[in-house]
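Residue numbers (my numbering), protein chains in the order written: chain A, 9 to 357; chain B, 23 to 269.
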């Protein structure tokens, strides 16, 4: 939260409040004490103007003190800065009042007891601290509500996209068309493709959003999906895999790999005249599971809009689930597109 | 009747070939797997009939059709259902949704054989169909043009402005102009409306390439593009420009 004095609205309210306090003090002191009006007015103006100016500084004390979690530490800082603020205020008032009394040759007379002044100072200081703290807390609360709303929107969006990917009708109907063609020319292949399709669809339908799955299973279903696509596009796709078998039991978010493979079909295979070589690597890397997927693409291709929606979904899901932004990386170099994922092995769920 | 098959999936070609095997009236003269080769094959082999997929590398089925001067009869074979099927009903084409049955396929073929016999000399005009389809598409992302025999694909983000010229539209990029047989209405409907503004009955601009806007008349403006070209707005165009650019 930035300094509230930068806002015209706050500054105006601040000025009005102090004006009201000054008037109230003058009225009260005039009625209940026997001091002359001139003295009361001047005394009130000096005391309140000086505190109003110090109030500006209290903001910084409150703001920077919020960074500390330790209560005793916080209390100590508030007390010390309170004594400094009140001390400064009293000293300032004393000097100015003495000077004015001297200049007026005793015609003006300020009488205020130091204890009364000290109590007032501490009271005002406490009020200031409380108001500033409430303002900051309120601001933080509003900000948190805003970011939560954003997160919720993102989750819904991701879910929606994932749902669309599960039942991608374009993929389904084209695959069924391939099966239709295979039935006469290669019934064995037709049967295999039909079983693959069923397996893939059953897997994608039964998964609940954001659940976890063994890596070996995720890879199995993703490659089942890719096998169907390979059948559709024939020799155009060449897949090489390097999978470290020791990673098999790592839990990964479900449907995290399939969108990456689907992306290759959408943007490389369907948009290129040359054959597409795909390399899929899975291995252990310290505290992470490292997954790399690369493919060549047509450099001259004019990319169509909607590029990389599948990638974005994966990226957003991973950063939401693991609360870490740098787990996904993309590169596009020398006609090779590469995605790298790092999945933390220890995940608190 | 000579037929050409254009599809990027070998098995999709396979099934059409199989179904056609039982139809003696139709002879398959070629099969290709993308729009570029399709265009070339149509010009060289002059088929009477083309089985055409829509989603293909480089050039989609629709884009290919836009570039043909004398298109043959077309049967679309695609898994896409998004395009308004009604548009096809009114035209001399058929639309096969993958996967399709043999009887549905035969129905389309019989319709075409009949039509072929009836108006052999009639030139097919797909312009209304294409306009219809493209308007139904959400956003146009590239424009395909033909220039001295070459096919060029221009991303719409490279387009500075489009101007009407009789039955044509002149498309200008930073330093080149292309001519396309289309209407301003079509581009107004299909270009993303947050970046492309129709500032005049005969002009659409890409607001990303605007350098300066000067008052021209009381209610109209003169728009200077980044390549120096100056374009006038109409009153309505100025209002539209104000709305989009918020000035």
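The beta-carbon is built from N, C-alpha and C at its ideal position, and this holds for glycine as well.
These numbers come from a predicted model, not from an experiment.
Residue i and residue j: beta carbons closer than 8 Å?
i: residue 186 of chain B; j: residue 224 of chain B; result: yes
i: residue 105 of chain A; j: residue 54 of chain A; result: yes
i: residue 202 of chain B; j: residue 190 of chain B; result: yes
i: residue 136 of chain A; j: residue 63 of chain A; result: yes
i: residue 188 of chain A; j: residue 32 of chain B; result: no
i: residue 25 of chain B; j: residue 51 of chain B; result: yes
i: residue 251 of chain A; j: residue 286 of chain A; result: no
i: residue 74 of chain B; j: residue 58 of chain B; result: no
i: residue 139 of chain B; j: residue 97 of chain B; result: no
i: residue 181 of chain B; j: residue 175 of chain B; result: no
i: residue 214 of chain B; j: residue 161 of chain B; result: yes
i: residue 98 of chain A; j: residue 129 of chain A; result: yes
i: residue 296 of chain A; j: residue 351 of chain A; result: yes
i: residue 302 of chain A; j: residue 262 of chain A; result: no
i: residue 235 of chain A; j: residue 271 of chain A; result: no
i: residue 100 of chain A; j: residue 47 of chain A; result: no
i: residue 201 of chain A; j: residue 213 of chain A; result: no
i: residue 50 of chain A; j: residue 103 of chain A; result: no
i: residue 27 of chain B; j: residue 45 of chain B; result: no
i: residue 48 of chain B; j: residue 86 of chain B; result: no
i: residue 26 of chain A; j: residue 140 of chain A; result: no
i: residue 278 of chain A; j: residue 29 of chain B; result: no
i: residue 61 of chain A; j: residue 33 of chain A; result: no
i: residue 328 of chain A; j: residue 347 of chain A; result: no
i: residue 324 of chain A; j: residue 159 of chain A; result: no
i: residue 281 of chain A; j: residue 56 of chain B; result: yes
i: residue 292 of chain A; j: residue 254 of chain A; result: yes
i: residue 268 of chain A; j: residue 192 of chain A; result: no
i: residue 353 of chain A; j: residue 258 of chain A; result: yes
i: residue 220 of chain B; j: residue 259 of chain B; result: yes
i: residue 308 of chain A; j: residue 244 of chain A; result: no
i: residue 43 of chain A; j: residue 113 of chain A; result: no
Within its chain, find whatever has a CB closer than 6 Å to the CB of residue i; leave out the 5 residues flanking it on each side and keep chain order.
i: residue 69 of chain A; result: 89
i: residue 326 of chain A; result: 335, 336
i: residue 102 of chain B; result: 76
i: residue 364 of chain A; result: One cannot answer for residue 364 of chain A here, as it falls past the ends of chain A, which runs 9 to 357.
i: residue 18 of chain A; result: 12
i: residue 226 of chain A; result: 260, 265
i: residue 338 of chain A; result: 347
At a threshold of 7 Å, does residue i count as lining the ligand MG (C-beta to nearest heavy atom)?
i: residue 72 of chain A; result: With respect to the ligand MG, the structure shown offers nothing to examine, as it has no ligands at all.
Which same chain residues, not among the five before or five after residue i, have their C-beta less than 8 Å away from its C-beta?
i: residue 240 of chain A; result: 182, 183, 186
i: residue 173 of chain B; result: 58, 61, 81, 89, 166, 167
i: residue 247 of chain B; result: 182, 183, 227, 231, 232, 233, 253
i: residue 133 of chain B; result: 116
i: residue 229 of chain A; result: 207, 208, 211, 212, 266
i: residue 265 of chain B; result: none
i: residue 251 of chain B; result: 182, 183, 194
i: residue 38 of chain A; result: 45, 48
i: residue 7 of chain A; result: In the structure as shown, chain A starts at 9 and stops at 357, and residue 7 of chain A therefore has no counterpart that could be examined.
Just to confirm my understanding: we take residue i, look at its own chain, exclude 5 residues before and 5 after, and list those with CB closer than 7 Å. What are they?
i: residue 217 of chain B; result: 228, 229, 230
i: residue 132 of chain A; result: 59
Determine which residues of the stretch 31 to 45 of chain B have a Cβ less than 8 Å from any Cβ of chain A, and write them out in chain order.
31, 32, 33, 34, 36, 37, 40
Write down every uninterrupted run of the beta strand (DSSP E) in the stretch 177 to 261 of chain A whose length is 3 residues or greater and which is fully enclosed by it, in chain order.
220 to 222, 245 to 251, 259 to 261
Please list, in chain order, the residues of the stretch 73 to 100 of chain B that have any C-beta partner in chain A closer than 8 Å.
77, 78, 79, 80
Interface positions of the stretch 126 to 138 of chain A facing chain B (Cβ-Cβ less than 8 Å), listed along the chain
none
Residues within the stretch 234 to 245 of chain A neighbouring chain B, beta-carbon criterion of under 8 Å:
239, 240, 241, 242
Could you tell me which whole alpha helix (DSSP H) segments of length 4 or greater appear in the stretch 41 to 82 of chain A?
45 to 73
Are at least three pairs of beta-carbons, each pair with one atom in the stretch 61 to 69 of chain B and one in the stretch 82 to 93 of chain B, less than 8 Å apart?
yes
Within the chosen definition, does the stretch 138 to 155 of chain A reach the stretch 197 to 216 of chain A through at least 3 CB pairs nearer than 8 Å?
no
At a CB distance below 9 Å, what residues from the stretch 47 to 68 of chain B approach chain A? Give them in sequence order.
55, 56, 58, 59
Which residues, taken in chain order from the stretch 181 to 210 of chain A, show a beta carbon closer than 8 Å to some beta carbon of chain B?
181, 182, 184, 185, 186, 187, 188, 189, 190, 192, 193
Name the residues in the stretch 274 to 294 of chain A whose C-beta lies less than 7 Å from a C-beta of chain B; which are they?
278, 279, 280, 281
Of all the residues that make up the stretch 177 to 208 of chain B, which are near chain A by a beta-carbon distance shorter than 8 Å?
177
Contact set between the stretch 217 to 237 of chain B and chain A, restricted to residues whose Cβ is under 7 Å from the partner
none
Enumerate, from N- to C-terminal direction, the unbroken alpha helix (DSSP H) stretches of 4 or more residues contained entirely within the stretch 134 to 165 of chain A.
none
Whole alpha helix (DSSP H) runs in the stretch 23 to 64 of chain B with 4 or more residues, listed along the chain?
32 to 42
Can you list the alpha helix (DSSP H) stretches of 4 or more residues lying completely in the stretch 265 to 320 of chain A, in chain order?
266 to 272
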